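J.:
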Amino acid sequence: MDNNQKRNLTFLTMGMIFMLSGIEYAVILPTIWRYLQILEAPPYFLGLGLSAFSLSGLLTGPLFGWWSDRSRTTKSTILFSNMFEIVGNFLYFIGYSKWLLLCSRLVAGIGAGVGSSIFSFLTRSTRSEERAGIFAAMMACRQAGLLIGPAFNLFLRLCDFKLGPFVVNKYTSPGVTASRQSVM
Numbered sequence: 017m018d019n020n021q022k023r024n025l026t027f028l029t030m031g032m033i034f035m036l037s038g039i040e041y042a043v044i045l046p047t048i049w050r051y052l053q054i055l056e057a058p059p060y061f062l063g064l065g066l067s068a069f070s071l072s073g074l075l076t077g078p079l080f081g082w083w084s085d086r087s088r089t090t091k092s093t094i095l096f097s098n099m100f101e102i103v104g105n106f107l108y109f110i111g112y113s114k115w116l117l118l119c120s121r122l123v124a125g126i127g128a129g130v131g132s133s134i135f136s137f138l139t140r141s142t143r144s145e146e147r148a149g150i151f152a153a154m155m156a157c158r159q160a161g162l163l164i165g166p167a168f169n170l171f172l173r174l175c176d177f178k179l180g181p182f183v184v185n186k187y188t189s190p191g192v193t194a195s196r197q198s199v200m
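If you want the numbering used here, it's the position in the sequence shown, counting the first as 1, plus 16.
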C-alpha cells in the first residue's frame with residue numbers, strides 16, 4: 017500500500033468515526049426523555065443528561081488534543097477514548113437508575129472529546145490548501161450521522177427481549193447499538 021492510499025484510508029476512517037459519533041448522538045436523543053421518565057427522573061434531568069455528554073467532551077477535547085500533539089500519534093488516543101464511548105453507552109443500556117443514565121452520558125462524552133485529536137492529526141498531515149476541504153468533509157460526516165441516526169430508531173423501537181439479565185427495549189437498545197458501533 018502506497019502512502020497516498022494509506023493517507024486516504026486514514027481520512028476515510030476518521031470520517032467514519034465522526035459519522036458514528038453523529039449516529040450515536042442522534043440515536044440516543046429521541047429516546048432519552050422517555051427513558052428518564054420511566055426511571056422517574058425529574059424534568060431537569062433531560063437537560064443534565066444532554067449537557068453531560070457535551071460537557072465532558074468539551075473538557076476532555078483539549079486533553080486529547082494535547083496528548084495527540086505531544087505523542088504525535090492519534091491511533092492510541094482514538095483507541096483510548098473509544099473505550100469511554102463503549103463503557104458509557106453500555107452503562108446507558110444497563111440504565112437501572114437516573115443517576116447511572118447521567119453518568120453514562122458523562123462517560124460517553126469523554127470519548128467524544130477525541131475530535132480535537134483527529135483535527136490535530138489532520139492539521140499535521142494536510143497541506144494548507146487542502147485543509148479546509150478535509151475539515152469540511154469531516155464535519156459533513158458528523159452531520160450525515162446526525163441525519164441518518166434517527167432512522168436507526170425505526171428498527172430499535174421494535175426491540176423487546178432479554179439479553180441475559182438485561183432488558184433490551186426501545187429505550188435501552190440505543191445504548192447497546194451505540195456501544196456496538198464504537199467497537200467497530
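Beta carbons: idealized from backbone N, C-alpha and C, even for Gly.
Note that the structure is predicted; figures quoted are calculated from it, not measured.
Can you tell which of Gly-129, Lys-22, Ala-148 and Thr-89 has the C-alpha that lies nearest to the C-alpha of Leu-71?
T.: Gly-129
J.: Measure the CB-CB distance between Ser-97 and Ser-136 and report whether it falls below 9 Å.
T.: no
J.: Measure the C-alpha to C-alpha separation of Thr-47 and Ile-150 and round it to an integer number of angstroms.
T.: Distance between the alpha carbons of Thr-47 and Ile-150 is about 32 Å.
J.: Would you please state the rounded distance, in angstroms, between the beta carbons of Gly-77 and Gly-131? I believe it to be under 8 Å.
T.: Rounded, the Cβ-Cβ distance is 6 Å, consistent with contact.
J.: Quick check on Lys-186: does DSSP put it in helix, strand or coil?
T.: coil
J.: Ordered along the chain, which non-local residues of its own chain (more than five positions away) have a Cβ less than 6 Å from that of Ser-195?
T.: Ile-102, Asn-105 and Phe-106
J.: Cutting at 7 Å between CB atoms, please list the residues of its own chain near Val-199, excluding the five before and the five after it.
T.: Ile-102
J.: Quick one: Cα of Arg-121 to Cα of Glu-146, how far?
T.: Put simply, the backbone Cα of Arg-121 is about 35 Å away from that of Glu-146.
J.: Run the CB neighbour count on Tyr-41, radius 10 Å, all protein chains shown included, and call it buried at 16 or more, exposed below.
T.: buried
J.: Quick check on Ser-92: buried or exposed, where buried means 16 or more other Cβ atoms within 10 Å of its Cβ?
T.: The residue in question, Ser-92, is exposed, as its Cβ has fewer than 16 Cβ neighbours within 10 Å.
J.: Does the region 181-197 touch the region 57-72, meaning 3 or more C-beta pairs lie closer than 8 Å?
T.: For the pair of segments examined, the region 57-72 was found not to touch the region 181-197: the number of CB pairs separated by less than 8 Å stays below three.
J.: Per the contact definition of three or more C-beta pairs closer than 8 Å, is the region 113-120 in contact with the region 157-167?
T.: no
J.: Let me confirm a value: Gln-197 is counted as buried when at least 16 other C-beta atoms fall within 10 Å, else exposed. Which label applies?
T.: Its Cβ being crowded by 16 or more others within 10 Å, Gln-197 is buried.
J.: Per DSSP, Lys-178 is paired with what?
T.: Val-183
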